[in-house]
Amino acid sequence: MSATLAPPAVLKGATTQTVDTPDGPFTVIEAEGAVLSSGWTSRPEDLTGQVHPSLRAARFDPAASSMGSVLDAVARYYDGDVDAITAVRVRQVSGPFRAHAWDVLRAVAPGAPVTYLEYAARAGNPSAVRAAAGACANNAAALFVPCHRVIRTDGSLGGFRWGLPVKQRLLDREASRVPAS
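Offset between the sequence shown (1-based) and the working numbering: plus 579.
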């Protein structure tokens, strides 16, 4: 995996970097040690729309950046340590249900995807399937908040902002790293 510097930071004081992965270019926008947005694109402008307006307006301290640890976690994930991403801090802003749902999503184990119904129940409201799906759709920190681990009740993939082939490869990668019982 090689790192290449992206165009100047798209948020005041944030750091943006793109790395090559087996699933294509992966760009991260990080500020003060936390991922603000990430996804399989080489264009930072594809990520800024997912960042909450309050964070886009914020001014971050570039000296507090820690992109190295974030990119190290990405490299370790792709090298087979699928749990490496859980240690990366993420900063997203939303209402109470969605913010809680993102925290719950980070607890979904690699290799053990859940349905949207199960995800809604884990988030505390089994009848809020659409709200749970909305939390996935509005997740700015792809990979680090693993919305790819949520599938439809019938076992089909559902949606994924970065494309169903990427979602399937992520799920396959994680399933192959889970020890057999």
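Positions of the beta carbon are idealized from the N, C-alpha and C atoms, including for glycine. The model shown is predicted, which means the values in this text are computed figures rather than measured ones.
Residue of the options minimising C-alpha distance to residue i
i: V649; options: A637, R670, S633; result: R670
i: F605; options: T665, A593, G612, S621; result: S621
i: T600; options: V729, G659, V683, R638; result: G659
i: A709; options: R731, P689, F723, G690; result: First, the residue type needs correcting, since residue 709 is Arg and not Ala in the sequence shown. Comparing Cα-Cα distances from R709 to each of R731, P689, F723, G690, the minimum goes to R731.
i: W619; options: V729, A720, E611; result: A720
i: V630; options: A716, A643, N704, D602; result: A716
i: M646; options: P689, W741, S616, R748; result: S616
i: T665; options: D751, W741, A688; result: A688
i: V784; options: F739, A686, V653, V745; result: Any question about residue 784 goes unanswered here, given that the chain covers just 580 to 760.
i: T556; options: G612, A613, V607, E611; result: The requested residue 556 does not occur in the structure, where the chain is confined to residues 580 to 760.
i: P623; options: V614, G603, V667, T595; result: T595
i: Q747; options: A700, Y698, P692, R701; result: P692
i: V683; options: G690, R701, R668; result: R701
i: R686; options: L749, V614, V729; result: Checking the sequence, you will find Ala at residue 686 rather than Arg. Selected option, being the one with the closest Cα: V729.
i: A711; options: V724, W681, F739; result: W681
i: N718; options: A636, R752, A678; result: A678
With 16 other Cβ atoms within 10 Å as the buried cut-off, status of residue i
i: K591; result: exposed
i: E609; result: buried
i: L548; result: In the structure displayed, the chain extends from 580 to 760; residue 548 sits before or after that span and is not available.
i: L743; result: exposed
i: A643; result: exposed
i: R638; result: exposed
i: P632; result: exposed
i: A593; result: buried
i: A585; result: The pLDDT assigned to A585 is 41, lower than 50, so where the model puts this residue is not dependable, and the model offers no usable value.
For residue j and residue i, the rounded distance between their alpha carbons
i: L696; j: S706; result: 8 Å
i: P641; j: A754; result: 37 Å
i: D651; j: Y657; result: 10 Å
i: L722; j: G612; result: 16 Å
i: P587; j: G603; result: Interpretation of P587 is limited by its pLDDT of 38, a score under 50 that renders its predicted location unreliable; the figure taken from the coordinates is listed afterwards. Each residue's alpha carbon lies about 21 Å from the other.
i: R756; j: G690; result: 7 Å
i: N704; j: D625; result: 31 Å
i: G713; j: A699; result: 11 Å
i: R740; j: L750; result: 15 Å
i: D662; j: P725; result: 11 Å
i: R557; j: V614; result: For the chain, the structure presents residues 580 to 760; residue 557 sits outside this window and is missing.
i: T694; j: H727; result: 11 Å
Distance cut-off 7 Å: residue i Cβ against heavy atoms of the ligand FAD
i: W681; result: Within the structure as shown, the ligand FAD is missing, as the structure has no ligands at all.
Any chain D beta carbon closer than 8 Å to residue i
i: V598; result: No chain D is part of this structure, which consists of one protein chain only.
Three Cβ pairs or more, each shorter than 8 Å: is that satisfied between the region 671 to 679 and the region 729 to 749? no
Within the region 646 to 725, note down every full alpha helix (DSSP H) run reaching 4 residues or more, in order along the chain. 646 to 657, 675 to 684, 695 to 701, 708 to 716
Report the residue ranges of all beta strand (DSSP E) runs contained in full by the region 583 to 641; include only those spanning at least 3 residues, in chain order. 594 to 600, 603 to 610, 613 to 618
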